[in-house]
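**Q** Provided herewith is a single structure, encoded as structure tokens, for subsequent inquiry.
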Amino acid sequence: MNTHYIFLAAINGFYFLSFALFVLHFFHGGKAWKPWANRILGLGFLASIVFETVQVAASGSLLPITTLYQALFFFSWCMVLVYLLMSWKLRLDTFGLILLPLVLAMSGTSLICLKQPPAPTYSHNHWFLIHILTAFLAYASFALSFVGALLYLAQNRGLKSKKINTFYHKLPSLEALESVVYRTMVFGFPLLTLALASGFFWTKDVYGVFWRWDPKFVASTLTWLIYLGILYSRYVSLMRGRKAVMASLFAFFCAMLTFLGVNFFESNVHNFLK
Amino acid sequence: MNSLFVIGLNHKFAPVKFREKLAFPKNDLPSVFLHLRNIPAIPESLVLSTCNRVEIYGVASDLKAAREELVHFLCFYHAVEAETLNRSIYFYEEEAAVRHLFRVASGLDSMVVGEYEILGQVKEAYRWASQEGNVKSLLHQFFERALRTAKRMREETEIARGAVSVSSVAVELAEKIFGRISQEKILILGTGKVGELTLKRLMKIGTRFVWVASRTMARAEELARKYAVLPIPFETWKQYLKDADIVISSTAAPHPIIHYEDVKQVMALRKHKPLFIIDLAVPRDAEEKVNTLDDVYLYNIDDLHTVCQSNIKFREKEVAKCEVLIEKQIEDFLRWLKHIEAAPTIRKLQAHLDAIIEEELRLAAGSRSPKELEELRRVLSRVKGKLLHDPLMKLKEAQDHGGGHHYHEALHTLFDLQKVKLSDEENKVPDREPGKQPGSCSSRESAG
């Protein structure tokens, strides 16, 4: 446990240092900070991979996600993964500024919950593995979409109020930000669909039925429908600009409610807090 | 010892009328360089002539003579009175000249602080002078350092951040809304000058879909012909609002013509695709309330001016950071210059000792075999190296702290170094970065 704690603290340290460099890049100007911010984030990510591998080897389970700490840590890792993947294609210069506090919140909270006893795992079931992996990656994509939406609103506010400040200069164009919001949702939606489907199959394997009237089931399905609605209306050009971005914020709120909030209600199969 | 200097005039000291008179047209530069090469007091020279400044940079051992020669040349070349010229020109020597060029290349001495073009102009001036053979080792190092400093400043500070003219601010805003301008459609209402300038800038970066409407159809057609765009009858412009992304309005209408209700309806039809309205008219063409609509961005002429001012103020704040960076670079360059100054004395001292060794070897040659002589030469050379090591280190240290000239005088007096003559090859200024070509400092700017 002690080694775990040191490892997690080191990973959090990398993320924090990377965040500090993103802040310096944003407010202090100069181009020298950004590559270092990304490099150190990459180091944190690699350290997380090593940590996860050690966890897998120690637990003998392919996906050792049985406690809230493991769930939060894995989610933070997925967020960094999606960010690094997306930054190949999209201009995400300033995303670190908001994404990293989120990553740190998740990964840092996992430090506090380290001593929580593990819940039973179902990692021998392949539907369960697919379900967990795809769900986490989908939520991580939506988190990036959420960051894009916040930055869009900041840029939009600056342009509307005609206040030309650091945000105006440093943030990408509205078009670019909207595109990130949309593309990350497009990336996350098939994953969410797969998560939902594999969830149904796993329920079938474990309980003999596809559907249970469980808060998590209902919330996930509703979230899926909301994302479907947003993507459809964007696809047929029914909704664009600020309204579309606001809708994506609402959808992310629902996704987070599904991911964490439902734990506070009575759920039989997804409760990390128990 | 050769020193750097600059003589010239700029927007701060001379009105545009006088600057125009003293400017060197590009085509005249070869003859100007020829004239300068023929002035014996100035072994190296470079001309920087832009709309805001006319300057001659150079190297001279007698700075007073160089100044007189150049004033005479400028008066003769441009047919101006020496008295008139002397009222407007400045002459900076050594450290002041270094500081001046570093500030000029970095855009700190420009009319609009941090402007982009000057770096390209300095680069171009350097290239021309090098091609003509007017630049040798010292100016070469001087300009390479200045260009490198300017480049670093753009990377490490935000001196060039934000647009500072109304039309460029409008284009920058458009890019902040639409990203890279390419497929965006533009509707021009009225044919004002600033509107035309904004259109020109937008077309330069890629847009091709433009409609022009003016109350006088002939003027719309004239503008349309000039930019190969489409003229439309003024009364039909509202139909185009549905498809246009950027509206540039500068009509002479006494009341607003772009109404809130119209834009609201159009936005529903546009499915909230962003609409950027640039209202350059006074009195204004668009109702202020239009800006409250989602995805509509309305900027009037005052708003654009405010953005310009805010960007200028920001750049001025960055100047302090730049000055710190420049001072460091100047210090570094001056240190290098001091080492260059010390080099002839060191070389003369070495040559003097080499001559003594050769003389002694010649005297000893009679009684010794060639092998023994070679061994003796090696021993004497080692002794020379060891003897000189500590004094030369102390001389370099003294150079860095500004007290080198006492040592120079002492060495010259003690060893009678005045009598020692060096070959041309030995006299050459050592280039710290061999292999670098003039103008090799990479930069995207071109001369303006």
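Which chain is which? The protein sequence lines are G and D, in order.
Whatever position you read off the first sequence (first residue = 1), add 9 for our numbering.
Whatever position you read off the second sequence (first residue = 1), add 2 for our numbering.
C-beta atoms are modelled at their ideal positions from N, C-alpha and C, and glycine is treated no differently.
Between D:Ile41 and chain G, is any beta-carbon pair separated by less than 9 Å?
**A** Answer no: the Cβ-Cβ gap between D:Ile41 and chain G never drops below 9 Å.
**Q** Under 8 Å Cβ to Cβ from D:Val73, same chain only, skipping five residues before and after it: list those, please.
**A** So the qualifying residues of the chain are Ile9, Ala84, Leu87, Asn88 and Ile91.
**Q** Using the Cβ count rule (16 or more neighbours within 10 Å means buried), how would you classify D:Gln420?
**A** Counting Cβ neighbours within 10 Å, D:Gln420 comes out exposed, since fewer than 16 surround it.
**Q** Between G:Gly105 and G:Phe28, is the Cβ-Cβ spacing less than 9 Å?
**A** Yes, these two residues count as a Cβ contact at 9 Å.
**Q** For a quick check, are the C-beta atoms of G:His37 and G:Ala46 less than 9 Å apart?
**A** Taking 9 Å as the Cβ cut-off, G:His37 and G:Ala46 do not qualify as a contacting pair.
**Q** Does any residue of chain D have a CB that is nearer than 9 Å to the CB of G:Ile239?
**A** With 9 Å as the cut-off, G:Ile239 does not count as an interface residue toward chain D.
**Q** For the putative contact between D:Pro372 and D:Leu424, defined by C-beta atoms under 8 Å, what is the C-beta separation to the nearest angstrom?
**A** Not confirmed; about 29 Å, so no contact.
**Q** Could you list which residues in chain D have their beta carbon closer than 8 Å to that of G:Met248, in chain order?
**A** By Cβ distance, chain D contributes Lys273 and His274.
**Q** Taking the C-alpha atoms as reference points, what is the distance between G:Pro44 and D:Thr253?
**A** Each residue's alpha carbon lies about 48 Å from the other.
**Q** Might you give, ordered along the chain, the residues of its own chain that have their beta carbon closer than 6 Å to the beta carbon of D:Glu454, omitting 5 neighbours on each side?
**A** Here chain D comprises residues numbered 3 to 450, so residue 454 of chain D is not present and cannot be evaluated.
**Q** Since D:Tyr301 sits in a beta bridge, which residues does DSSP pair it with?
**A** DSSP lists D:Ile280 as partners of D:Tyr301.
**Q** Strictly under 9 Å for the Cβ-Cβ distance: is D:Val309 near chain G by that measure?
**A** At least one chain G Cβ lies under 9 Å of D:Val309.
**Q** How many Å lie between D:Glu333 and G:Leu108 at the Cα?
**A** When rounded, the distance between both Cα atoms is 42 Å.
**Q** Is it the case that the stretch 245–258 of chain G contacts the stretch 271–281 of chain D, given that we only count it when at least three CB pairs across the two stretches are under 8 Å?
**A** Touching, yes.
**Q** Return the residues of the stretch 107–119 of chain D that lie within a Cβ-Cβ distance of less than 8 Å from chain G, sorted by chain order.
**A** Those residues of the stretch 107–119 of chain D that come within reach of chain G (Cβ to Cβ, closer than 8 Å) do not exist; the list is empty.
**Q** Tell me which residues of the stretch 284–305 of chain D have at least one Cβ-Cβ distance to chain G shorter than 8 Å, keeping chain order.
**A** Going along the stretch 284–305 of chain D in chain order, one finds Asn293, Asp296, Asp297, Tyr299, Tyr301 and Asp305 with a Cβ nearer than 8 Å to chain G.
**Q** Give the straight-line distance between the Cα atoms of D:Lys315 and G:Leu99, rounded to the nearest whole angstrom.
**A** Approximately 32 Å between the Cα atoms of the pair.
**Q** Taking 8 Å as the cut-off, is the C-beta of G:Gln64 nearer than that to any heavy atom in the ligand FAD?
**A** The ligand FAD is not part of this structure, which contains no ligands at all.
**Q** To test your reading of the DSSP string, which unbroken beta strand (DSSP E) runs of 3 or more residues are found completely within the stretch 59–137 of chain D?
**A** Runs found: 92–95.
**Q** Can you check whether the C-beta of G:Ile107 is within less than 9 Å of a C-beta belonging to chain D?
**A** Cβ-Cβ to chain D under 9 Å: no for G:Ile107.
**Q** Anything in the stretch 178–198 of chain G with a Cβ closer than 7 Å to a Cβ of chain D? List those residues in chain order, please.
**A** Hits within the stretch, in order: His178, Ser182, Leu183, Glu184 and Ala185.
**Q** Could you check whether the stretch 75–95 of chain G touches the stretch 189–198 of chain G, counting it as contact only if at least three pairs of C-beta atoms, one from each stretch, sit closer than 8 Å?
**A** In short, these stretches touch, since the Cβ pair count reaches three.
**Q** Anything in the stretch 155–174 of chain G with a Cβ closer than 9 Å to a Cβ of chain D? List those residues in chain order, please.
**A** The stretch 155–174 of chain G vs chain D, Cβ under 9 Å: Gln164, Asn165, Gly167, Leu168, Lys169, Lys171, Lys172, Ile173 and Asn174.
**Q** Return the bridge partner residues of D:Asn518 from the DSSP annotation.
**A** As shown, chain D starts at 3 and ends at 450. That puts residue 518 of chain D outside it, with no answer to give.
**Q** Start and end of the beta strand (DSSP E) containing D:Pro235?
**A** Per DSSP, D:Pro235 belongs to the beta strand (DSSP E) from Leu232 to Pro235.
**Q** Do G:Leu153 and D:Gly181 count as a contact pair if the criterion is CB distance below 9 Å?
**A** The answer is no: Cβ separation not under 9 Å.
**Q** Is any beta-carbon of chain D found at less than 9 Å from that of G:Arg251?
**A** By this cut-off, G:Arg251 is an interface position.
**Q** Buried or exposed: D:Lys228, going by 16 or more other Cβ atoms within 10 Å of its Cβ?
**A** It is exposed - the Cβ of D:Lys228 has fewer than 16 other Cβ atoms within 10 Å.
**Q** Identify every residue that forms a DSSP beta bridge with D:Glu2.
**A** A query on residue 2 of chain D cannot be resolved here, the shown segment of chain D reaching from 3 to 450 and no further.
**Q** For my contact list, D:Ile183 and D:Thr209 are in at a C-beta cut-off of 8 Å; report their separation, rounded to the angstrom.
**A** Sure, about 5 Å apart at Cβ, within 8 Å.
**Q** Where does D:Lys187 fall in DSSP's three states?
**A** Of the three classes helix, strand and coil, the one that applies to D:Lys187 here is strand, per DSSP.
**Q** What's the gap between the Cα of G:Phe155 and the Cα of G:Ala149?
**A** Taking the straight line joining both Cα atoms gives about 10 Å.
**Q** Would G:Asp214 be called buried (16 or more neighbouring beta carbons within 10 Å of its own) or exposed?
**A** Under this definition G:Asp214 is an exposed residue.
**Q** With 16 as the cutoff for other CB atoms within 10 Å, does D:Asp281 come out buried or exposed?
**A** Its Cβ being crowded by 16 or more others within 10 Å, D:Asp281 is buried.
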